[in-house]
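Below you'll find the structure, written out as structure tokens, and then a few comments.
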Amino acid sequence: MRESTHPAAVPVGTSDLTVFPLGLGTNTFVDPANWSSFAPILDGFVERGGTMLDTADMYSYWVPGNVGGESETIIGEWLAARGRRDDVVLATKVAGMPGRIGLSPENIRRAADESLRRLQTDYIDLYYAHYPDADTPVAESVAVFDELVRAGKVRTVGLSNMTAAQIDEWMRVADENGWARPVALQPQYSLVSRGFEAELADAAQRHGLAVFPYQVLAGGFLTGKYRTEADTAGRARAGTVKGFLTPAGLGVLDVLAEVAAAHDTDSATIALAWALANPAVTAPLAAATSVAQLDQLFAAVDVELTASERDALTAASASFA
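Here it is as structure tokens:
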């Protein structure tokens, strides 16, 4: 493989934060009682040069017996044990956890304090509004995020799962009042979910937002290990993956496999490399459930896809645009 053209660190929008161009998603961190079982993944991520840890207060409430906050708790235990707070950029979110739904000022304040306690830190590097809230005036939400920044509890603000119009409105309110301006956007984006490329990409560019896409591997579908419904049996994300088991989805897997073979690497690596090749993307987010998977993820930063390879992947996924 040729040497990567990606810098060791990329800026987070207009802020003074920089991150390695690959972030670790942690919604698979589900059992705080056994937090040390997740430590090798966190250790390996940082040892390989990774910096951004992406979590949310709602992770992982959907697991039986969980209520939310489990991922943050695991990260907090790891930070306390390793003393590596200065080595990572912590990103978390508010608005989706049961009992902490929405973006009302009081909810945001309480959620932020609860996240800080679970993470065992006194500041969050990047704090996202996880989902829009139609029941709370935007100005009230923007004001309290600014309050958290001024208090030193939050360094920068981000937006997730919002439309271009909602992003424009948030920015307008922030600018008119001199409040903290978001510096990052977290949209869903992958070879089989390309809606970001239209209005959201334009909004990110218009407002100078860093872009940290999630589900870049489409729940594991783009690893290539799921080609029939039988392959999904007993898998946690079977529902997500089954939706892609179509002729169009399988066609994407075929091209991914071809390109991966040409680079002597894995389909997951190529799927991430394709996202990274989009100049609008700052750093894709991907989860790992083993240390071995980290090598697949980090390899994406060093893969240089040819123009014809990018075009072939983009054409194969045209129906998902």
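In my numbering, the protein residues as written are 279 to 599.
Every residue, glycine too, gets a C-beta built ideally from N, C-alpha and C.
Extent of the continuous alpha helix (DSSP H) to which Arg395 belongs:
If you number the sequence shown from 1, residue 395 lands on position 117. Taken as a continuous stretch (DSSP letters only), the alpha helix (DSSP H) holding Arg395 covers Pro383 to Leu397.
Counting along the chain, where does the beta strand (DSSP E) carrying Ser338 start and finish?
Residue mapping note: residue 338 aligns to position 60 of the sequence shown, counting from 1. Here Ser338 belongs to no beta strand (DSSP E), and DSSP marks it neither H nor E.
Between the stretch 539 to 547 and the stretch 288 to 305, can you find at least three pairs of beta-carbon atoms closer than 8 Å?
no
Do the stretch 497 to 504 and the stretch 475 to 483 make contact, defined as three or more Cβ pairs closer than 8 Å?
no
My output table needs one value for Pro289: the three-state DSSP class, helix, strand or coil.
Taking the first residue of the sequence shown as 1, we reach residue 289 at position 11. If DSSP states are grouped into helix, strand and coil, Pro289 belongs with the strands.
Within 10 angstroms of the Cβ of Ala488, are there 16 or more other Cβ atoms? Answer buried if so, exposed if not.
On the sequence shown, position 210 is the one that residue 488 refers to. Classification for Ala488: buried.
For Arg428, count neighbouring C-beta atoms within 10 Å of its own C-beta (all shown protein chains included) and say buried if the count is 16 or more, exposed if not.
Within the sequence shown, the letter at position 150 stands for residue 428. By the neighbour-count rule (16 or more Cβ atoms within 10 Å), Arg428 is not buried but exposed.
Classify Thr524 as buried or exposed, calling it buried when 16 or more other Cβ atoms lie within 10 Å of its own Cβ.
Position 246 of the sequence shown, counted from the first residue, corresponds to residue 524. Thr524 comes out exposed.
Check whether the Cβ of Asp453 lies closer than 6 Å to any heavy atom of the ligand MN, and answer yes or no.
With respect to the ligand MN, the structure offers nothing, as it holds no ligand at all.
Suppose only complete runs of 4+ residues qualify. What are the alpha helix (DSSP H) ranges in the stretch 478 to 545, listed by chain order?
516 to 520 and 525 to 540
Say whether the stretch 557 to 577 touches the stretch 304 to 323, bearing in mind that this needs 3 or more beta-carbon pairs closer than 8 Å, one atom from each stretch.
yes
Curious, which full-length alpha helix (DSSP H) runs of at least 4 residues does the stretch 308 to 333 contain?
317 to 325
Along the beta strand (DSSP E) that carries Gly343, what are the first and last residues, could you check?
Numbered from its first residue, the sequence shown carries residue 343 at position 65. It is not in any beta strand (DSSP E) - Gly343 carries neither H nor E in the DSSP assignment.
Residues sharing a beta bridge with Lys371, DSSP:
Numbered from 1 along the sequence shown, position 93 holds the residue referred to as residue 371. According to DSSP, Lys371 bridges with Tyr406.
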